[in-house]
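In terms of the working numbering, the sequence shown is residues 3 to 307.
By construction, the Cβ of each residue, glycine as well, lies at the ideal position given by its N, Cα and C atoms.
Given the structure is predicted, the values throughout are model-derived calculations rather than measurements.
Here the structure comes first, spelled out in structure tokens, and everything after it is commentary.
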Amino acid sequence: MDVTTEEQGHSTSVKLEMVQAAAPLEDGGPTMAQLVLSTGTHLLQMKNADDYIVSEEPLTIPFEVPEGDSITSLVGISSNSLVVGSSRGSVWLLSLEHNDTVISTTPTAIRQSDEEGHSATQIEYDFMQNAIYVVLSDKGIARCTLENPSCFFLPNTDSLNPTRSVAVDSINGFLYFLGADHQVYRSELLPFETVENYQLSTIVPILDIPPSSAIEIDKEKFQLLAALQNVEKKSAHLGTILAKNLISGRISTKRSGEYLAVKRLLIERDRMFWCREKCGDTPLDEMCFYSEDPQKDGSETHFSR
Numbered sequence: 003m004d005v006t007t008e009e010q011g012h013s014t015s016v017k018l019e020m021v022q023a024a025a026p027l028e029d030g031g032p033t034m035a036q037l038v039l040s041t042g043t044h045l046l047q048m049k050n051a052d053d054y055i056v057s058e059e060p061l062t063i064p065f066e067v068p069e070g071d072s073i074t075s076l077v078g079i080s081s082n083s084l085v086v087g088s089s090r091g092s093v094w095l096l097s098l099e100h101n102d103t104v105i106s107t108t109p110t111a112i113r114q115s116d117e118e119g120h121s122a123t124q125i126e127y128d129f130m131q132n133a134i135y136v137v138l139s140d141k142g143i144a145r146c147t148l149e150n151p152s153c154f155f156l157p158n159t160d161s162l163n164p165t166r167s168v169a170v171d172s173i174n175g176f177l178y179f180l181g182a183d184h185q186v187y188r189s190e191l192l193p194f195e196t197v198e199n200y201q202l203s204t205i206v207p208i209l210d211i212p213p214s215s216a217i218e219i220d221k222e223k224f225q226l227l228a229a230l231q232n233v234e235k236k237s238a239h240l241g242t243i244l245a246k247n248l249i250s251g252r253i254s255t256k257r258s259g260e261y262l263a264v265k266r267l268l269i270e271r272d273r274m275f276w277c278r279e280k281c282g283d284t285p286l287d288e289m290c291f292y293s294e295d296p297q298k299d300g301s302e303t304h305f306s307r
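Below, the structure is given as structure tokens:
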């Protein structure tokens, strides 16, 4: 999850990624989720993804972007690898080695910045093809393979309605777009070997999903999630996240009430993480990061900020 915003001269950058870490073979227990954050200049890994008050100092992941550049997006590939994007459109694959107190990294360049330097605002992983989709601000989408790295660029087809975010359905082979018009669209994933001048054959609007501000794939439940835009304060869908079944197409309410003005959305084991602007109780507008705090006794979910 990654969010970058600028307002009234203030710039805020928040990124989040949940990474699945395989449990030791002798343990046999469930996999552990790792929470990785970025300040824009540094990568930090929480020692405990459930440490809601940050009681322990996060581990620093050693990685620096070139001078004048900043981290604007990241995605977890596995328990020992991250992909990081920058404000100039560069992308790196980081191989991680962990111990209890230190993380070391080996970076591999996946995409070099171009002359225009469009920011890599979001990265999504296609595990079926071991490839990533990189949203380049107001320019289009780059699909990059991670093994023998190479990138293919898809420009925006409508300069007045550029792609703001994407969600990758690797199982069914679809790519979902969220345009600047807040409409959700669907197209096919790019083929593994893309020929020169390749274009998407179909781009279909998803008309049964209202205008949205963020989208995400729930891989466990096979659902496309859409955080609704909620422009009207009296809207019946105020603070709602809808779920569209990727097989049947059935629409249902995933969450409601607390999910207002969502800028980025991520779900991990039915636990929601999201970012939003204008938190309302600080003197300056800022970006806030929220997560659900499910209660072990099954009572009402709490929200951490």
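> Straight-line CA distance for residue 210 to residue 253?
Replying inline: Numbered from its first residue, the sequence shown carries residue 210 at position 208. Numbered from its first residue, the sequence shown carries residue 253 at position 251. Their backbone Cα atoms lie some 8 Å apart in a straight line.
> What is the rounded straight-line gap between the Cα of residue 146 and the Cα of residue 294?
Replying inline: Here residue 146 corresponds to residue number 144 of the sequence shown, with the count starting at 1. Here residue 294 corresponds to residue number 292 of the sequence shown, with the count starting at 1. Whole-angstrom Cα-Cα distance: 32 Å.
>> Given a cut-off of 8 Å on the beta-carbon distance, is the pair residue 228 and residue 202 in contact?
In response: For the purposes of this step, residue 228 is taken as residue 226 along the sequence shown, with counting starting at 1. For the purposes of this step, residue 202 is taken as residue 200 along the sequence shown, with counting starting at 1. Not a contact, by the Cβ cut-off of 8 Å.
>> I need the boundaries of the beta strand (DSSP E) containing residue 169, first residue and last residue.
In response: Counting from 1 along the sequence shown, the entry for residue 169 is found at position 167. Its beta strand (DSSP E) spans residues 165 to 171.
>> My output table needs one value for residue 90: the three-state DSSP class, helix, strand or coil.
In response: If you number the sequence shown from 1, residue 90 lands on position 88. The answer is coil: DSSP assigns residue 90 none of H, G, I, E or B.
> Within 10 angstroms of its Cβ, does residue 129 collect 16 or more other Cβ (buried), or is it exposed?
Replying inline: For the purposes of this step, residue 129 is taken as residue 127 along the sequence shown, with counting starting at 1. Exposed is the call here.
>> Below 8 Å on the Cβ atoms is my contact criterion, and I expect residue 163 with residue 141 to pass it. Report the Cβ-Cβ distance as a whole number of Å.
In response: Reading the sequence shown from its first residue, position 161 is the one you call residue 163. Reading the sequence shown from its first residue, position 139 is the one you call residue 141. 13 Å between Cβ atoms; not a contact.
> Once you ignore the five residues that flank residue 61 on each side, which residues in its own chain have a CB closer than 6 Å to its CB?
Replying inline: As a first step, residue 61 must be located in the sequence shown, where it is residue number 59. 47, 105, listed in sequence order.
>> Using the three-state DSSP reduction, which class does residue 146 fall into: helix, strand or coil?
In response: The count along the sequence shown starts at 1 and reaches residue 146 at position 144. Correct three-state label for residue 146: strand.
> Looking at the structure shown, is residue 289 part of a helix, part of a strand, or coil, going by DSSP?
Replying inline: Taking the sequence shown and counting its residues from 1, one reaches residue 289 at position 287. Note: residue 289 maps to strand in three-state DSSP.
> At what residue ranges does the stretch 57 to 133 contain a whole run of the beta strand (DSSP E), taking only runs of 3 or more?
Replying inline: 61 to 63, 73 to 80, 83 to 88, 93 to 100, 105 to 113, 122 to 128
> Any idea what DSSP makes of residue 280, helix, strand or coil?
Replying inline: Your numbering for residue 280 matches position 278 in the sequence shown. Coil.
> With distances taken between CB atoms, is the gap from residue 171 to residue 248 smaller than 8 Å?
Replying inline: Within the sequence shown, numbered from 1, the residue matching residue 171 stands at position 169. Within the sequence shown, numbered from 1, the residue matching residue 248 stands at position 246. It is a contact, given that the beta carbons lie within the stated cut-off.
>> Rounded to the nearest angstrom, what separates residue 74 and residue 87 at their Cα positions?
In response: On the sequence shown, residue 74 is found 72 positions in, with the first residue counted as 1. On the sequence shown, residue 87 is found 85 positions in, with the first residue counted as 1. Those two C-alpha atoms are separated by around 6 Å.
> Distance, Cα to Cα, residue 49 vs residue 199?
Replying inline: Position 47 of the sequence shown holds residue 49. Position 197 of the sequence shown holds residue 199. Their backbone Cα atoms lie some 45 Å apart in a straight line.
> By how many angstroms is the C-alpha of residue 191 removed from the C-alpha of residue 197?
Replying inline: Your numbering for residue 197 matches position 195 in the sequence shown. Your numbering for residue 191 matches position 189 in the sequence shown. Taking the straight line joining both Cα atoms gives about 14 Å.
> From residue 109 to residue 125, what distance separates their C-alpha atoms?
Replying inline: Here the question's residue 109 lines up with position 107 in the sequence shown. Here the question's residue 125 lines up with position 123 in the sequence shown. In a straight line, the C-alpha of residue 109 is about 16 Å away from that of residue 125.
> Looking only at DSSP bridge pairs, what is residue 206 linked to?
Replying inline: Locating residue 206 in the sequence shown gives position 204, counting from the first residue. Answer is 188.
> Expressed to the nearest angstrom, what Euclidean distance is found between the alpha-carbon atoms of residue 271 and residue 116?
Replying inline: Taking the sequence shown and counting its residues from 1, the one referred to as residue 271 is at position 269. Taking the sequence shown and counting its residues from 1, the one referred to as residue 116 is at position 114. Taking the straight line from one Cα to the other gives about 37 Å.
> Closest to residue 250 by CA distance: which of 242, 224, 69, 259 is it?
Replying inline: Along the sequence shown, one-based indexing puts residue 250 at 248. It is 224.
> Which of helix, strand or coil does DSSP assign to residue 201?
Replying inline: To locate residue 201, count along the sequence shown from 1; it is residue 199. If DSSP states are grouped into helix, strand and coil, residue 201 belongs with coil.
> From this set, 195, 174, 168, 193, which residue's C-alpha is nearest residue 186's C-alpha?
Replying inline: Start at 1 with the first residue of the sequence shown, and residue 186 comes out as number 184. For residue 186, the nearest C-alpha among the options comes from 168.
>> Alpha carbons only, please: which of 161, 132, 122 is nearest the one belonging to residue 144?
In response: Indexing the sequence shown from 1 puts residue 144 at position 142. Selected option, being the one with the closest Cα: 122.
> Leaving out five residues before and five after residue 150 in sequence, what residues of the same chain have Cβ atoms less than 7 Å from its Cβ?
Replying inline: Locating residue 150 in the sequence shown gives position 148, counting from the first residue. Excluding residues within five positions, none has a Cβ falling inside 7 Å.
>> My assumption, with CB atoms under 8 Å, is that residue 178 sits in contact with residue 226. Please give the rounded CB distance.
In response: Within the sequence shown, residue 178 is the residue found at index 176, counting from 1. Within the sequence shown, residue 226 is the residue found at index 224, counting from 1. About 6 Å separates the two Cβ atoms, so the contact holds.
> Is the distance from the Cβ of residue 38 to the Cβ of residue 84 below 8 Å?
Replying inline: One-based indexing of the sequence shown puts residue 38 at position 36. One-based indexing of the sequence shown puts residue 84 at position 82. The answer is yes: Cβ separation under 8 Å.
> Going by alpha carbons, who is nearest to residue 161 out of 138, 111, 246?
Replying inline: As a working note, residue 161 is residue 159 in the sequence shown. Ranking the options by Cα distance to residue 161, first place goes to 138.
>> Tell me which residue opens and which closes the beta strand (DSSP E) that residue 141 is part of.
In response: What you label residue 141 is simply residue 139 of the sequence shown in a count that begins at 1. Note, residue 141: premise wrong, no beta strand (DSSP E); not H, not E.
> Do you know offhand how far residue 91's Cα is from residue 135's?
Replying inline: As a position in the sequence shown, residue 91 is number 89, starting the count at 1. As a position in the sequence shown, residue 135 is number 133, starting the count at 1. Cα to Cα, residue 91 sits roughly 12 Å from residue 135.
> Among 269, 240, 268, which one has its Cα closest to the Cα of residue 261?
Replying inline: Here residue 261 is taken as the residue at index 259 of the sequence shown, counted from 1. Closest option to residue 261, Cα to Cα, is 240.
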